[in-house]
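Reviewing the structure listed below.
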Amino acid sequence: MDLLLLADESEEMINSYIHKGSFLILEENNQQAVGVILLLHEDDKTIEIKNISILEQFQGKGLGRLLIKHTEERVKLQGVERLIVGTANSSIGNIAFYQKLGFRMYDIRKDFFLDYPEIIYENGIQAQDMIMFKKLLN
Numbered sequence: 001m002d003l004l005l006l007a008d009e010s011e012e013m014i015n016s017y018i019h020k021g022s023f024l025i026l027e028e029n030n031q032q033a034v035g036v037i038l039l040l041h042e043d044d045k046t047i048e049i050k051n052i053s054i055l056e057q058f059q060g061k062g063l064g065r066l067l068i069k070h071t072e073e074r075v076k077l078q079g080v081e082r083l084i085v086g087t088a089n090s091s092i093g094n095i096a097f098y099q100k101l102g103f104r105m106y107d108i109r110k111d112f113f114l115d116y117p118e119i120i121y122e123n124g125i126q127a128q129d130m131i132m133f134k135k136l137l138n
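So for the sequence shown, the UniProt record's numbering puts the first residue at 1; every next one is plus one.
The structure is reproduced here in C-alpha cells:
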C-alpha cells in the first residue's frame, strides 16, 4: 500500500480499485519492492495503468520507463492494443513523462480530484481534473 500511496494520495481511492487489477512489482537485488504498476482491464483491447510508483530514492533512474516498457511488451502478447493512463492537471512531471513515452492526450475528466477527501496541491497548482492519455501498441 505504501508504494501505491506515492502515486495516489487517497487510501480510500486505492481500496476502490486495488482488488480489481493485476500488479507488476519491480524489486531490487535484495528483493525490496522499489516500484509497482497496477493494471486494470478496461476491455479486451484496452488496459489502464491505474497506479505506477517508484520509491523516491530510486526515481529518476529510468525505472518507471522500464516498468511501462515491460508492461507494453507483456500486454501486446495478450492482444491488448492500447494502454491508457490518467494523471492530475497539476502533475507537470507526469504529463511530460507520459508524452515522452509516446502517450497522447485524449480526454479530460473534469473535477475528478474534487471528489478526493483532501485537497491536493502539486507544483503550486490544485489538482482538479484528470488528464487522460493513451498509447496505441501496434
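All residues carry an ideal CB built from backbone N, CA and C; glycine is no exception. Predicted model only: the values in this text are computed from it and were never measured.
Classification of Lys50 by the beta-carbon crowding that lies within 10 angstroms, buried from 16 upward:
buried
Every unbroken beta strand (DSSP E) within the UniProt domain "N-acetyltransferase" (1 to 126), with a cutoff of 3 residues, ordered by chain
22 to 27, 33 to 43, 46 to 54, 82 to 88 and 104 to 109
Cβ-based neighbour list, Ile92, same chain, cut-off 6 Å, excluding 5 preceding and 5 following
Asn123
State the DSSP-derived secondary structure class of Leu137, mapped to helix, strand or coil.
coil
When you compare each of Tyr106, Gln126 and Ile108 to Leu114 by their alpha carbons, which one comes out closest?
Gln126
Using a threshold of 9 Å, state whether the C-beta atoms of Val80 and Ser53 are closer than that.
no
Contacting residues, own chain, Cβ-Cβ under 7 Å from Glu12 (five flanking each side not counted)
Pro117
Nearest-angstrom Cα distance between Ile131 and Asn94?
10 Å
Measuring only the C-alpha atoms, how far is Ser90 from Arg109?
13 Å
Flag this pair as yes or no: are the beta carbons of Val75 and Phe133 separated by less than 9 Å?
no
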